[in-house]
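Just so you know, we're using the numbering used here here: the sequence shown kicks off at 11 and counts up by one. The beta-carbon is built from N, C-alpha and C at its ideal position, and this holds for glycine as well. One structure is given below, encoded as structure tokens.
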Amino acid sequence: MAALVIAEHDNQSLKAATLNTVTAALQCSPEVDILVAGSGVEATVATASQVVGIRKVIQIDALTLLDQLAEPLAAQILSIAKHYSHILAPATASGKNILPRVAAKLDVAQLSDITKVVSTDTFQRPIYAGNVIATVQSGDSVKVITVRTTSFEPASGTGDSSEVENVAATEVIDKSSFIGRKLTKSDRPELTAAKIIVSGGRGLGSGEKYQEIITPLADKLGAALGASRAAVDAGYVSNDYQVGQTGKIVAPQLYVAVGISGAIQHLAGMKDSKVIVAINKDAEAPIFNVADYGLVADLFTAVPELTSALN
């Protein structure tokens with residue numbers, strides 16, 4: 011049977027995480043469909059239809075899906091679930107909110123945060139903050155899966171247009187309502203999609219020092235801003251910046267860790283980065299165990315010097 015990918019989008023554009031999830035889905039089945047459920051999603055559907063390797067795009071357009079609430083979205087997935095052997099979504103806040111509801115209604119076990127498809131029924135996923143990789147085999151008739159997108163290359167989004175199938179929305183009882191959304195607006199790259207990330211830790215000492223030391227370096231590199239959980243808990247920056255097991259999982263081309271000791275939960279969120287640079291005055295800091303380049307130095311001296319040396 012075919013695999014279904016739940017598109018992540020904002021009703022206007024397709025999120026990059028969807029393309030990584032398509033790659034995982036194609037390893038589960040040669041036939042992959044994308045579900046785009048929302049309101050006024052024509053542009054998103056047009057983009058999704060060009061993803062290489064998919065069979066068709068299923069469009070469900072209704073005003074009740076405008077705010078992407080988990081309950082009505084889960085109902086739409088369940089209405090077409092019988093046609094699929096695998097249902098996949100990115101392991102993002104959205105996917106983690108929707109798919110457990112789908113798995114519960116289907117009475118199957120969810121396979122969470124997979125990093126590798128071994129076969130159509132066997133997958134790998136990290137446990138113990140990424141220190142152990144578990145191989146999990148599912149005997150369920152439908153595999154409900156969230157995908158760690160940093161573990162899969164994105165599918166090409168510039169192929170020929172695939173078929174689009176319009177499906178009527180399933181009516182659901184309103185058990186939840188949308189109150190509001192507070193978004194952090196920035197001209198910087200989105201953290202999980204950035205090619206370069208500069209992160210600051212508790213070693214910076216304050217939010218003011220974070221802005222003084224980290225922001226200029228990120229400006230020079232055209233990088234996204236990140237932070238350790240300790241820095242977030244100390245109030246240096248908001249939790250939108252947090253990288254780690256309880257924050258965002260990232261795998262940029264370059265990750266610069268400044269004043270970050272390297273707690274297990276932080277390493278779990280960034281150790282798949284292609285090149286890791288660590289700056290810390292503690293030569294025994296665990297971050298140096300995963301770093302490709304390490305500088306044992308006072309960050310308050312070293313980072314401004316690095317920033318000034320960059321053109």
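Check: Compare the Cα-Cα distances from D20 to each of Q255, E52 and G169 and report the closest residue.; Outcome: E52
Check: Please state whether the Cβ-Cβ distance between A72 and A179 is less than 8 Å.; Outcome: yes
Check: So, with DSSP's three-state summary, where would you put V247?; Outcome: coil
Check: Give every residue of the same chain whose Cβ lies closer than 8 Å to the Cβ of P136, excluding the five residues on either side of it in the sequence, and list them in chain order.; Outcome: D123, T125, V142, I143, A144, R158 and A278
Check: Jot down the residue ranges of each uninterrupted beta strand (DSSP E) in the region 23 to 100, minimum 3 residues, whole runs only, in chain order.; Outcome: 42 to 48, 66 to 71 and 94 to 100
Check: Do I297 and S271 have their C-beta atoms within less than 8 Å of each other?; Outcome: yes
Check: Who are T145's beta bridge partners in DSSP?; Outcome: Q134
Check: Please list the terminal residues of the continuous beta strand (DSSP E) segment that includes G105.; Outcome: Note, G105: premise wrong, no beta strand (DSSP E); alpha helix (DSSP H) at A103 to L116.
Check: Hey, how far is the Cα of V32 from the Cα of I64?; Outcome: 8 Å
Check: Name the residue from S95, P82 and S89 whose alpha carbon lies nearest to the alpha carbon of S104.; Outcome: P82
Check: Going by C-alpha to C-alpha distance, which of P262, T28 and T225 sits closest to A17?; Outcome: T28
Check: Expressed to the nearest angstrom, what Euclidean distance is found between the alpha-carbon atoms of A237 and H93?; Outcome: 42 Å
Check: Around the Cβ of A293, are there at least 16 other Cβ atoms within 10 angstroms (buried) or fewer (exposed)?; Outcome: exposed
Check: Rounded to whole angstroms, what is the Cα-Cα separation between T156 and G149?; Outcome: 17 Å
Check: Classify R191: buried if its beta carbon has 16 or more other beta carbons within 10 angstroms, exposed otherwise.; Outcome: exposed
Check: If you follow the beta strand (DSSP E) that S216 is in, where does it begin and where does it stop?; Outcome: No beta strand (DSSP E) contains S216, which DSSP labels as neither H nor E.
Check: State yes or no: is the C-beta of V174 within less than 8 Å of the C-beta of K66?; Outcome: yes
Check: Can you tell me the Cα-Cα spacing of R212 and A244, whole angstroms?; Outcome: 8 Å
Check: Report all residues from its chain with a CB closer than 6 Å to the CB of N30; omit the five preceding and five following residues, and keep chain order.; Outcome: T159, F162 and P164
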